[in-house]
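In this text, residue positions in the sequence shown follow UniProt numbering: the first is 1, and each later residue adds one.
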Amino acid sequence: MGATGRSAAGRPAPRALWLLGLLALLLSACGEQAPPEQRLRATVQQMHETIQQRDPSALEDLLAKDFVGTNGLDRLGARRMAMALFLRYRNVGVKLGPLKVQMKPGHATVSFTAALTGAAGTIPDAAQIYDVQTGWREEDGQWRLTSARWTPVL
Numbered sequence: 001m002g003a004t005g006r007s008a009a010g011r012p013a014p015r016a017l018w019l020l021g022l023l024a025l026l027l028s029a030c031g032e033q034a035p036p037e038q039r040l041r042a043t044v045q046q047m048h049e050t051i052q053q054r055d056p057s058a059l060e061d062l063l064a065k066d067f068v069g070t071n072g073l074d075r076l077g078a079r080r081m082a083m084a085l086f087l088r089y090r091n092v093g094v095k096l097g098p099l100k101v102q103m104k105p106g107h108a109t110v111s112f113t114a115a116l117t118g119a120a121g122t123i124p125d126a127a128q129i130y131d132v133q134t135g136w137r138e139e140d141g142q143w144r145l146t147s148a149r150w151t152p153v154l
């Protein structure tokens, strides 16, 4: 390899390619993180998809250790409630209305309307619309759900 970082054949030397790859990796790691509200909205979307995919473990992972829901529901209770819902209904549908986000440093609240459906087959057996208020906390760059209150609308 010559002083130009090229092999005698004129191609980049393996060492030069390795260094370029390492540099690209370091630069991508130093890239700017998405703004907090954008990351929070993505987490709400992830939670929505987790429910649609019927994954209680992934849902629990999005909850803060000190999560509190309606009627004192804790993190484990939320997981159990999701498991019971998924066992009862083969198809679970969730439609979210527009998110109303209020940001504070390290904390946020998100309010929305949610329509939930459950079906053993293709036609929903149950449906309910809720007003939902949620509290969020940022932990090590990840948003975790700390509280949720839901009130039936109809």
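Even for Gly, the Cβ is constructed at its ideal location relative to N, Cα and C.
Owing to the predicted nature of the structure, the values given are computational and were not obtained by experimental measurement.
Residues bridged to residue i (per DSSP)
| i | result |
| --- | --- |
| residue 132 | 112, 150 |
| residue 139 | 142 |
| residue 103 | 108 |
Residue i, buried or exposed, once every other Cβ within 10 Å from all chains shown has been counted against 16
| i | result |
| --- | --- |
| residue 153 | exposed |
| residue 51 | buried |
| residue 87 | exposed |
Residue i - DSSP class collapsed to helix/strand/coil
| i | result |
| --- | --- |
| residue 52 | helix |
| residue 61 | helix |
| residue 72 | helix |
Residue j beta carbon less than 8 Å from that of residue i
| i | j | result |
| --- | --- | --- |
| residue 82 | residue 56 | yes |
| residue 114 | residue 89 | no |
| residue 78 | residue 96 | no |
| residue 148 | residue 132 | yes |
Supposed contact pair residue j and residue i - C-beta distance, whole angstroms, cut 8 Å
| i | j | result |
| --- | --- | --- |
| residue 44 | residue 110 | 6 Å |
| residue 40 | residue 136 | 6 Å |
| residue 106 | residue 85 | No, residue 106 and residue 85 are not in contact; Cβ-Cβ is about 31 Å, not under 8 Å. |
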